[in-house]
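Since the structure comes first, as structure tokens, the remarks are kept for the end.
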Amino acid sequence: MENTIEKIRDKDPEQKEFHQAVDEVIHSVKPVLDRNFEYRQQGILERITEPERVIMFRVPWMDDDGQVHVNRGFRVEMNSALGPYKGGLRFHASVNLGIIKFLAFEQVFKNSLTTLSMGGGKGGSDFDPKGKSDNEVMRFCQSFMMELYRHIGPNTDVPAGDIGVGAREIGYLFGMYKKLKNEFTGVLTGKSLAWGGSLIRPEATGYGVVYLAAEMLQTRRQTLEGKSCLVSGSGNVAQFTTEKIIELGGKVATLSDSSGYVYDEAGIDAEKLAFVKELKNIRRGRISEYKERYPEAVYIPVSPERDYNPLWEHKADCAFPCATQNEINAKDASHLLSGGVALVCEGANMPTIPEAVDIFLDHNILFAPGKAANAGGVAVSGLEMAQNSMRLSWPRKEVDDRLKQIMKSIHSTCLAASSEYGVEGNYVAGANIAGFVKVVNAMLDQGLV
Ligand code: GLU
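Written out as structure tokens, the structure is:
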């Protein structure tokens, strides 16, 4: 095991986030490997940590002043044992191969937990959509798809959104794919409702996070009613996590972006949330504007150099990190503990650094890793694919009921795996083990390919 981890580090020493994700999974599945000689003999760890295919490409585009820029595009096709590669595209300045590999690796286990037939992949670009015009974003998306289209397809690889890629970008990407292939197929998910999208897909990740949190609380005979909650981020996941918490009677005090956060002691209610949606999704503004509209709130700028985020210092029963990877460090975790937190449910992918995860687990906090907690998004993407294949559209309630059922099943699967391996209630180990075993058995069934 240690040997495999070392080899991976030596091969690509700069891919820190990938090592972090691999390290966690490998340590969780040690008891599974100990019990199973075949997994070791078949080189399962080496195979599962090496992407099936990595595509890297140049994305040239022209800005509104006629200046040409070049970004780098990625698609990591990690594992197709359970179905076509499936996972989002991230457009963010921080994107590099290591980040996309970590996300693709996480996606494999997440998709496995959804119970649907989806392999794992992820892609994106270091293109920064901040401050770009609609036309610039369109030209970038078109150029990105001019290369990507030859590698994807509804039965091969089905991208979707992630940070920096929402309904607008999916539209531009889809338009170019359709033109190049002369085919109208469900090659992307997160599409608009009128042309093949699914009801509840925009809400799915955030709603799923809260459905899972509710399941976890129920194991301690509690509900979200009256609970104070901290949410980070203000994008799609944070918005719909907040919406569902409010609906279930909880109170959300915070939202953030990369410049700072707002603290609203009275709670972010449905009306304030509608303002945030319009601000972020339509005007594409900054969360600091919340304070201009609601002066009773406080806005606290947070520099990226700071060694902890004061957002996590507020007293709360529940924390929902919904911004990005590694946003909760050991200091933040201690602050959350002192503030009385009882549940941490990850809406983002890998937002908690390993030392902070250990702090939560050591203190018996209900802690859900992103690959279980935020799986509702990709699960409804799977349902979008099913509807596309049938060329029909399910009603809202049907999709929402299926989402609830999937989150329930993820919860019980993680718990069952944790108790089977003697770590009852450890959702991190449970998610890794359950996700891993299903993928690995499929790989063995399909031979050495
Ligand atoms: N980007 C989302 C995730 O991290 C959704 C992926 C999808 O819908 O394919 O799971």
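Numbering (my numbering), first residue to last: 16 to 464. The beta carbon of each residue, even a glycine, is placed where N, CA and C say it ideally should be. This structure is a prediction, so every number in the text was calculated from the model and none was measured.
Contact set for residue i: own chain, Cβ-Cβ below 6 Å, skip 5 residues either direction
{"i": "asparagine 86", "result": "Val74, Ser140, Asp141, Phe142"}
{"i": "methionine 153", "result": "Tyr187"}
{"i": "threonine 339", "result": "Ala363"}
{"i": "glycine 103", "result": "Ala175, Gly176, Asp177"}
{"i": "serine 243", "result": "Lys266, Ala331, Asp332"}
{"i": "valine 438", "result": "Ala444"}
{"i": "glutamate 39", "result": "none"}
{"i": "tryptophan 327", "result": "Asp347, His350, Leu351"}
Residue i versus residue j: straight-line alpha-carbon distance, rounded
{"i": "leucine 131", "j": "histidine 166", "result": "22 Å"}
{"i": "serine 158", "j": "lysine 193", "result": "14 Å"}
{"i": "proline 410", "j": "isoleucine 425", "result": "23 Å"}
{"i": "valine 173", "j": "glutamate 307", "result": "40 Å"}
{"i": "leucine 381", "j": "leucine 352", "result": "12 Å"}
{"i": "glutamate 184", "j": "cysteine 156", "result": "7 Å"}
{"i": "serine 213", "j": "glutamate 413", "result": "11 Å"}
{"i": "leucine 203", "j": "glutamine 122", "result": "16 Å"}
{"i": "glutamate 198", "j": "lysine 206", "result": "15 Å"}
{"i": "methionine 93", "j": "lysine 125", "result": "13 Å"}
{"i": "proline 319", "j": "leucine 208", "result": "37 Å"}
{"i": "alanine 289", "j": "tyrosine 323", "result": "29 Å"}
{"i": "asparagine 18", "j": "glutamate 370", "result": "22 Å"}
{"i": "phenylalanine 189", "j": "methionine 160", "result": "8 Å"}
{"i": "isoleucine 41", "j": "methionine 16", "result": "7 Å"}
{"i": "aspartate 49", "j": "isoleucine 20", "result": "16 Å"}
Residue i: CB within 7 Å of a non-hydrogen atom of the ligand GLU
{"i": "alanine 175", "result": "yes"}
{"i": "glycine 1", "result": "With the chain represented from 16 up to 464, any question about residue 1 goes unanswered, as that position is not in the structure."}
{"i": "serine 95", "result": "no"}
{"i": "glycine 103", "result": "yes"}
{"i": "asparagine 364", "result": "yes"}
{"i": "valine 110", "result": "no"}
{"i": "threonine 171", "result": "no"}
{"i": "valine 393", "result": "yes"}
{"i": "serine 303", "result": "no"}
{"i": "glutamine 122", "result": "yes"}
{"i": "serine 433", "result": "no"}
{"i": "threonine 19", "result": "no"}
{"i": "glycine 205", "result": "yes"}
{"i": "asparagine 389", "result": "yes"}
{"i": "serine 132", "result": "no"}
{"i": "serine 396", "result": "yes"}
{"i": "lysine 125", "result": "yes"}
Nonlocal neighbours in the same chain, by C-beta distance under 8 Å from residue i, ignoring five residues either side
{"i": "leucine 239", "result": "Val225, Ala228, Ala229, Leu232, Ile260, Leu263, Gly264, Gly265, Cys333"}
{"i": "arginine 24", "result": "His34"}
{"i": "glycine 275", "result": "Ile302, Ser303, Tyr314, Ile315, Pro316, Val317"}
Top-ranked residue by Cα proximity to residue i, from the options
{"i": "asparagine 447", "options": "Glu435, Gly138, Cys429", "result": "Cys429"}
{"i": "asparagine 456", "options": "Leu381, Leu97, Met77", "result": "Leu97"}
{"i": "glycine 248", "options": "Cys337, Ser127, Val69", "result": "Cys337"}
{"i": "glycine 135", "options": "Tyr309, Ala348, Gly282, Glu65", "result": "Glu65"}
{"i": "aspartate 78", "options": "Ser207, Asp149, Leu459", "result": "Asp149"}
{"i": "histidine 378", "options": "Asp27, Ala348, Ala108", "result": "Ala348"}
{"i": "lysine 147", "options": "Glu32, Asn51, Gly300, Ala285", "result": "Gly300"}
{"i": "glutamate 258", "options": "Arg235, Leu118, Glu218, Ser273", "result": "Glu218"}
{"i": "isoleucine 114", "options": "Asp279, Lys419, Ala36", "result": "Ala36"}
{"i": "alanine 387", "options": "Tyr54, Glu21, Ser127, Leu48", "result": "Ser127"}
{"i": "glutamine 30", "options": "Val91, Glu92, Leu112, Leu60", "result": "Leu112"}
{"i": "glutamate 465", "options": "Glu293, Tyr278, Asn324", "result": "The structure shown does not extend to residue 465, since the chain is modelled only from 16 to 464, so the question has no answer here."}
{"i": "alanine 268", "options": "Glu280, Glu61, Ala390", "result": "Glu280"}
{"i": "glycine 81", "options": "Glu151, Leu288, Glu61, Tyr222", "result": "Glu151"}
{"i": "glycine 462", "options": "Ser396, Val317, Arg62", "result": "Arg62"}
{"i": "methionine 458", "options": "Glu53, Phe335, Asn389", "result": "Glu53"}
{"i": "arginine 298", "options": "Lys145, Thr256, Ile215", "result": "Lys145"}
{"i": "valine 252", "options": "Phe72, His84, Val180", "result": "Val180"}
{"i": "isoleucine 368", "options": "Lys423, Lys22, Pro99, Glu32", "result": "Glu32"}
{"i": "isoleucine 421", "options": "Gly221, Ala394, Val452", "result": "Ala394"}
Residues near residue i by beta carbon distance below 7 Å, same chain, minus five either side
{"i": "glycine 211", "result": "Gly201, Asn403"}
{"i": "lysine 196", "result": "Tyr164"}
{"i": "valine 291", "result": "Ser249, Gln254, Leu270, Tyr305"}
{"i": "proline 384", "result": "Glu361, Tyr442, Val443, Ala446"}
{"i": "serine 95", "result": "Glu67, Gly134"}
{"i": "glycine 168", "result": "Val202"}
{"i": "glutamate 435", "result": "none"}
{"i": "serine 43", "result": "Val443, Ala444, Asn447, Ile448"}
{"i": "valine 91", "result": "Pro66, Val69, Ile115, Lys116, Ala119, Gly136, Lys137, Gly138"}
Test: residue i CB closer than 8 Å to a CB of chain C
{"i": "histidine 350", "result": "Although the question refers to chain C, the structure presented lacks it and comprises just one protein chain."}
Residue i: CB within 7 Å of a non-hydrogen atom of the ligand MN
{"i": "alanine 388", "result": "What this structure holds is the ligand GLU, not the ligand MN."}
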